[in-house]
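Notes follow the structure.
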Amino acid sequence: MTQGDDLAALPFRAGIVSRQASAENPTGAAGGGARRDPDPDDPDLPHSGPAVDLGRGWKVRPYVPLPAGETLVLADIEGPGVVRQVFLTTNARALRPLILRCTWDHEKEASVESPMGDFFGIGQDGADYGLDSAVVTVAPARGCSSHWAMPFRSHARLTLTNTDAVDVPIVAYRVAWEETSVPHDAAYFHARWSRTHTGAEHPEHIILDGVRGPGAYVGTTMTWTTTQPGWWGEGEVKHFIDGDADYPSIVDNGTEDYFGGAWGFGRDLRPPGPDGPPPEQAWHGTWSGCPLVSPPDREERHFSMYRWHVPDPIGFRESIRVTVQALGWGPDGRYAIRSDDVASTAFWYQVHSSS
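In the numbering used here, the protein residues as written are 166 to 520.
Below you can see the structure in the form of structure tokens.
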């Protein structure tokens with residue numbers, strides 16, 4: 166479905182049953198919001214002090230703390246329904262220790278498991294950048310919104326776990342869903358994170374592997390941290406589909422090409438090469454982009470990219486495996502395997518055997 170399809174459907178959606186879980190209404194129940202009395206001495210209401218003169222119905226529980234090692238239940242929903250939006254923001258010092266998980270229909274394993282920042286396409290902790298796309302937006306200062314459709318038949322549980330040793334003072338969130346029937350052939354939403362320190366022994370980063378059954382691959386977010394000078398983006402993104410072994414069915418001709426760029430993410434036709442760093446430029450697009458580019462005078466450089474396969478999902482019937490090579494230019498004008506830090510989150514829909 167495209168943005169135009171969503172707009173065209175709006176006149177026919179009057180009367181839908183909409184619900185939203187947030188710190189002010191943790192269950193999302195009808196009429197269940199803004200029912201707390203301000204009490205800053207209550208450990209569950211540490212941010213209610215500014216509302217003590219106003220009382221119930223005002224801004225009493227706008228956000229919550231997330232202590233080290235604990236899990237915050239963002240939503241626990243009886244189905245059927247479809248999650249339409251997930252919004253998160255926090256003043257945590259780092260987002261990678263915050264793990265987002267989504268479990269559908271009481272399954273034992275979470276279908277979504279990713280660090281918060283990587284899920285929303287801002288996986289480079291310490292860098293100040295946002296993202297503007299059709300599916301995910303990150304406003305300045307970490308206003309993270311996802312609009313992936315996430316159907317469930319009997320139950321949905323979304324959580325955020327703080328794996329850090331440091332307490333997080335503020336987490337604000339909302340999970341918006343629609344109570345509706347779900348067709349029997351609807352696939353479940355998935356996201357999975359992985360990280361590789363590449364090198365001669367590990368020249369490829371595995372974006373996704375081990376998926377069995379029919380589905381559609383719909384997106385990738387990636388962070389790339391260079392640990393050596395030179396251009397880093399010659400590696401090809403490869404999709405091995407339905408039994409592909411040594412050779413993939415779908416392959417792009419460069420990392421920047423897969424993420425919608427060209428010529429080293431530059432503004433001109435100078436190819437990146439061994440003579441110096443390429444003139445990369447940060448950019449945002451509807452379906453792809455590179456919103457973070459480090460200055461070229463640094464040896465350790467940080468990049469962040471996204472690609473949404475919404476207009477062009479990659480279907481599979483039996484299996485899928487997705488990889489990217491860590492490849493750049495050597496001083497002799499030939500390709501060279503790179504030693505870099507690469508992390509990614511893969512997004513896909515999959516039909517479960519029990520559905």
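Note that the Cβ used here is the ideal one computed from N, Cα and C, for glycine as well.
Treat the numbers as computed from the prediction; the structure is a model and nothing was measured.
Residue i to residue j span [Cα, whole Å]
| i | j | result |
| --- | --- | --- |
| Pro368 | Arg482 | 28 angstroms |
| Met166 | Ser346 | With a pLDDT of 49 at Met166, under the threshold of 50, the predicted position of this residue should be treated as unreliable, and no value is reported. |
| Pro444 | Gly364 | 25 angstroms |
| Arg226 | Thr326 | 20 angstroms |
| Val416 | Tyr500 | 18 angstroms |
| Ile502 | Ile371 | 15 angstroms |
| Gly431 | Ile335 | 38 angstroms |
| Gly214 | Asn256 | 19 angstroms |
| Val331 | Gly282 | 17 angstroms |
| His474 | Tyr412 | 21 angstroms |
| Leu219 | Gly308 | 27 angstroms |
| Pro476 | Gly222 | 43 angstroms |
| Tyr294 | Pro305 | 7 angstroms |
| Thr390 | Trp428 | 19 angstroms |
| Leu237 | Ala299 | 28 angstroms |
| Ala292 | Glu465 | 13 angstroms |
| Thr545 | Pro478 | The structure shown does not extend to residue 545, since the chain is modelled only from 166 to 520, so the question has no answer here. |
| Ala511 | Ile264 | 15 angstroms |
| Pro211 | Arg249 | 29 angstroms |
| Asp506 | Thr388 | 8 angstroms |
| Phe177 | Ala341 | 19 angstroms |
| Tyr228 | Ala337 | 4 angstroms |
| Pro394 | Ala173 | 49 angstroms |
| Arg266 | Ala314 | 15 angstroms |
| Pro461 | Asp206 | 50 angstroms |
| Gly495 | Thr302 | 36 angstroms |
| Leu457 | His355 | 25 angstroms |
Those residues which DSSP pairs with residue i across a bridge
| i | result |
| --- | --- |
| Lys132 | Residue 132 cannot be examined here, being either before or after the span of the chain that is shown, 166 to 520. |
| Gln250 | Ala341 |
| Thr236 | Thr326 |
| Ser187 | Asn190 and Arg339 |
| Leu265 | Ser279 and Leu325 |
| Trp389 | Phe468 and Val507 |
| Glu243 | His320 |
| Gly288 | Bridge partners of Gly288: none, in fact. |
| Glu366 | DSSP output for Glu366 lists no bridge partner at all. |
| Ile502 | Leu492 |
| Val182 | Glu344 |
| Gly398 | Leu492 |
| Asp297 | Thr302 |
| Val333 | Leu231 |
| Gly408 | Answer by DSSP bridge pairing: none, since Gly408 is not bridged. |
| Gly384 | Trp473 and Phe512 |
Anticipated Cβ contact below 8 angstroms, residue i with residue j, distance rounded
| i | j | result |
| --- | --- | --- |
| Pro245 | Arg318 | 5 angstroms |
| Ala410 | Gly480 | Actually they do not touch by this definition, with Cβ atoms about 19 angstroms apart. |
| Gly408 | Gly454 | Actually they are not in contact, since the Cβ atoms of Gly408 and Gly454 sit about 32 angstroms apart, beyond 8 angstroms. |
| Ser509 | Thr385 | 6 angstroms |
| Arg357 | Ser187 | Contact doesn't hold; Cβ gap of about 26 angstroms is too wide. |
| Ile181 | Glu343 | 6 angstroms |
| Pro203 | Ala216 | 4 angstroms |
| Ala259 | Asp290 | 4 angstroms |
| His467 | Ser459 | 5 angstroms |
First and last residue of the uninterrupted beta strand (DSSP E) at residue i
| i | result |
| --- | --- |
| Gly378 | Segment: none, Gly378 is in no beta strand (DSSP E) and carries neither H nor E. |
| Phe284 | Taken as a continuous stretch (DSSP letters only), Phe284 belongs to no beta strand (DSSP E), being part of the alpha helix (DSSP H) at Met281 to Phe284. |
| Gln515 | Asp505 to Gln515 |
| His355 | Tyr353 to His362 |
| Pro230 | Val229 to Leu231 |
| Gly308 | Gly308 to Ser311 |
| Thr302 | Val301 to Ala304 |
Secondary structure, beta strand (DSSP E): runs of 3+ residues fully inside the region 445-499: 453-458, 467-473, 479-481, 484-490 and 492-494
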